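Keeping their order, the protein sequence lines are chains A and B.
Per our numbering, the very first residue in the first sequence carries number 84; after that it's consecutive.
Per our numbering, the very first residue in the second sequence carries number 6; after that it's consecutive.
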Amino acid sequence: MPELLQTDSALVRMRGDIERALQKPVDQRHWVMVIDQRKCVGCHACTVSCVAENKLPPGVVYRPVLETELGTYPNVTRRFMPRPCMQCEEPPCVDVCPVSATWKRPDGITEIDYDQCIGCRYCITACPYSARVFDTGHTYTEGSPEEMEYELLPNFEYGREWPRDGGSPEGNVRKCTFCLHRLEEGLLPACVTTCIGTANYFGDINDPDSLVAEMAAQTSAVRLKEEMGTKPSVYYLI
Amino acid sequence: MSKNSRTIAWVIAGVGLLFGAIGLTWRITQGHQMANYGSYVPWGLWVAGYIYMIGLSAGAFLLSTLVYVFQIKRLERVGKLALFTALVTLFAAMLMVWVDLGHPLRAWRLIFRTHVTSIMGWMAWLYSSYFILLVAELWFAMRADLARCSDDPGLRGKLCSFLTFGRKDVDEGAIAHDYRILKVLASIGVPVAVAFHGGVGALFGVVGARPFWHGGLTPIVFLVGALASGGALLAFLTAIWGPDRGTPAHRDTVVFLGQLVLGLLAIDVLLEWAEFSTGFISSVPSLTESIRLIMFGPYWWAFWIVHVAAGIVAPLLLLAFRGRSVTAVGWASGLIAATFLTVRLNIVLPGLDVEELDGLKEAFSGPGLSFSYFPSAGEWFVFVGVAALAGAVFLLGYQLLPIVRQKEVV
């Protein structure tokens, strides 16, 4: 890493954490995200960067920010909860797939094989977090005088090129991949780098020296719907 | 089948097919963009239509086993009709769910890359076995009649002759042999039918993320619903197109079927009551919300008017007080069979219409990111088209094959 970047910045530290994790065999790392809700201001930059990074078409969103209002006027506050795929350790979406088109990777990420998926959408019903979405092939400029060519450019999910040419992932179920294609190049997920308040932490929880391991160990760390036993890899600091 | 009723049925099927052709054209040219289901409500009318039709098939088939396994003489005359109805509705159900797939041309993977932990994976195998079993059973049930109609003039004779595959003996020994095989096949069919339709229920029942679907009672509810709706369809078809219409024997069969349907409907209502009352009073908010949506949501009329009034109360009254009239049984069972679609819609949709996380509804907008679902015109057209195609196949088979006694096919 260039000397210029040797700072205390959380992003720089997490880059180092990722590089260290990538030196280990894949089954010895476990990617985890920690989202500090106390720092999230609801700017939706993560949602937008995710859409841009993965070239998501209309109706496909991997990381919406859920807003809830607490209290009654004039004593009101808002709570923001970005919701990526939870990359559960026990993912209910995997078992229900009738054609083995989705599985748990050794590093904790749940992957979808777009070429294998038949688009039955059973996995969408099984996800307790509504993290899976159906790509019906829309484009932003459809119905306009000219459909823009940039809409047909490929995305790079799972380290492959997926051009928008009518084939997969159109007609498939899609979801957040923790930006696996970036991770494998040593880069943080797009949502983490874009967050204006560094409310996102990412790294290998199996590495006790990583920032994310420190954050996930905080007493204020919770996971969504723990009672379901899905063991999400996304923690929230509340 | 009288010429009048046949003409009316063909006209209805023809109009339905026309709508179906329009819907299918949209489905091919626009893909899933022509439909109103999406990411938050991923299953809609087509999945509900599939479980509706497969339920009709399972119900009609299980009633046929009363003839071929349990040797109930009063139903002997409608055994073939039950099997044929089961086959046609199975075909329609498969077609319905096939058009719903994101990649229909990959459907073969359900068989060749089955994931054993997925109930949907099992279904592919169970349906395939059921299809083979049904065809074989229907052939053995019809073989002697096919041999008898081989000498008929025209297309019917040629078709009958071809379908005998050279086995034209109609002596007692040959028929007894057919019946022995039929009994074995039908006996295998009972667990297969219970497994596949219980399996459809389990497909929903295992989904822990949807409290309205989740539970051990779901497969049983599906099975009883299948028996009630499939039985009703068979009773309806027997009343209007059954063998020897106008004779006491026909009346006796229809009345008996009506009594069976009445009993099955009563059990179905009991299960529904158990499910709704405990769910509504439960302390699981999303479950209560699903039931509230059914009873008091924007489509309350589908539950109260279509299902409760037209699908339960009217048929129950007709069957209980006019159960000896063929016309009344025909109307009652027709109402049950037709309105059962709302039961299936009210299983699929309320389970999905509830937000899994607070704030999801408003978090992001786009096509398919909505919790308020009503089928699009295209979805209705395709559904009507598939039902019409099933009707047309039924009519063709009814006219060309010895499904009911030959003298009846005028």
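The C-beta atom is built at its ideal place from N, Cα and C for all residues, glycine as well.
All values derive from a computational prediction rather than experimental measurement.
Taking DSSP as the reference, what is the three-state secondary structure of residue i?
i: B/Ala14; result: helix
i: A/Ala300; result: coil
i: B/Val415; result: No answer about B/Val415 holds up, because its pLDDT of 34 lies below 50 and its placement is not dependable.
i: A/Trp245; result: strand
i: A/Arg257; result: strand
i: B/Asn41; result: coil
i: A/Asn137; result: coil
i: B/Pro158; result: coil
i: B/Phe4; result: Since the first residue shown for chain B is 6 and the last is 415, residue 4 of chain B is missing from the structure and cannot be characterised.
i: B/Val359; result: coil
i: B/Val318; result: helix
i: B/Val391; result: helix
i: B/Val353; result: helix
i: B/His120; result: coil
i: A/Ile279; result: coil
i: B/Ser375; result: coil
i: B/Trp218; result: coil
i: A/Gln199; result: coil
i: A/Arg112; result: coil
i: A/Ser132; result: helix
i: B/Ala112; result: coil
i: B/Arg329; result: coil
i: B/Leu23; result: helix
i: A/Cys126; result: coil
i: B/Ser381; result: coil
i: B/Gln35; result: helix
i: B/Ser133; result: helix
i: B/Asn9; result: helix
i: A/Thr224; result: coil
i: B/Leu405; result: helix
i: A/Met311; result: helix
i: A/Met169; result: coil
In the DSSP output, which residue or residues are listed as bridge partners for residue i?
i: A/Arg161; result: A/Glu152
i: A/Tyr284; result: A/Val117
i: A/Lys377; result: In this structure chain A extends from 84 to 321, so residue 377 of chain A is not present and cannot be described.
i: A/Val305; result: A/Tyr319
i: A/Asn238; result: A/Trp245
i: A/Phe217; result: A/Val256
From which residue to which residue does the beta strand (DSSP E) around residue i run?
i: A/Leu71; result: Past the boundaries of the shown model lies residue 71 of chain A; chain A is included only from 84 to 321, so the question cannot be answered.
Can you tell me which of the options puts its alpha carbon nearest to the alpha carbon of residue i?
i: B/Leu71; options: B/Ile352, B/Gly194 and B/Ser133; result: B/Gly194
i: B/Met300; options: B/Ser288, B/Glu277 and B/Ala319; result: B/Glu277
i: A/Cys200; options: B/Leu115, B/Ala368 and B/Gly251; result: B/Leu115
i: B/Leu61; options: B/Tyr45, B/Phe136, B/Phe345 and B/Phe167; result: B/Phe345
i: A/Pro175; options: A/Thr155, A/Lys314 and A/Val305; result: A/Lys314
i: B/Leu323; options: B/Phe117, B/Val260 and B/Gly364; result: B/Val260
i: B/Gly171; options: B/Ala152, B/Val189, B/Ala279 and B/Glu177; result: B/Ala152
i: B/Tyr57; options: B/Ile124, B/Phe388 and B/Thr30; result: B/Phe388
i: B/Phe285; options: B/Thr347, B/Phe217, B/Ile341 and B/His312; result: B/Phe217
i: B/Leu374; options: B/Ser381, B/Leu160 and B/Lys366; result: B/Lys366
i: B/Gly356; options: A/Tyr156, A/Ser213, A/Ser132 and A/Gly125; result: A/Ser213
If contacts are defined as beta-carbon pairs under 8 Å, then residue i and residue j qualify, I think. What distance do you get, rounded to the angstrom?
i: A/Val256; j: B/His120; result: Incorrect: roughly 14 Å between the Cβ atoms, too far for contact.
i: B/His202; j: B/Leu228; result: 6 Å
i: B/Ala244; j: B/Val318; result: In fact, because the Cβ distance is near 20 Å, the residues do not count as touching under 8 Å.
i: B/Ala214; j: B/Leu139; result: Contact flag wrong, Cβ pair sits at about 34 Å.
i: B/Leu350; j: B/Ala53; result: 4 Å
i: A/Met169; j: A/Ser316; result: 6 Å
i: A/Pro252; j: B/Gly371; result: Actually they are not in contact, since the Cβ atoms of A/Pro252 and B/Gly371 sit about 16 Å apart, beyond 8 Å.
i: B/Ile124; j: B/Gly204; result: 6 Å
In terms of residues, what are the limits of the alpha helix (DSSP H) holding residue i?
i: A/Arg103; result: Ala93 to Leu105
i: B/Trp48; result: Here B/Trp48 belongs to no alpha helix (DSSP H), and DSSP marks it neither H nor E.
i: B/Met101; result: Gly84 to Asp105
i: B/Pro253; result: Pro253 to Ile286
i: B/His182; result: Glu177 to Gly210
i: B/Leu232; result: Thr223 to Trp246
i: A/Val143; result: That residue, A/Val143, is in no alpha helix (DSSP H); it is neither H nor E in DSSP.
i: A/His264; result: Leu263 to Leu266
i: B/Ala368; result: Leu365 to Ala368
i: B/His301; result: Before going on, a small fix: residue 301 of chain B reads as Phe here, not His. Note, B/Phe301: alpha helix (DSSP H), Pro290 to Phe301.
i: A/Ile207; result: Tyr205 to Ala209
i: A/Val177; result: Pro175 to Val179
Within 8 Å (strictly less), CB to CB, does residue i reach chain D?
i: B/Asp176; result: No chain D is part of this structure, whose protein chains are labelled A and B.
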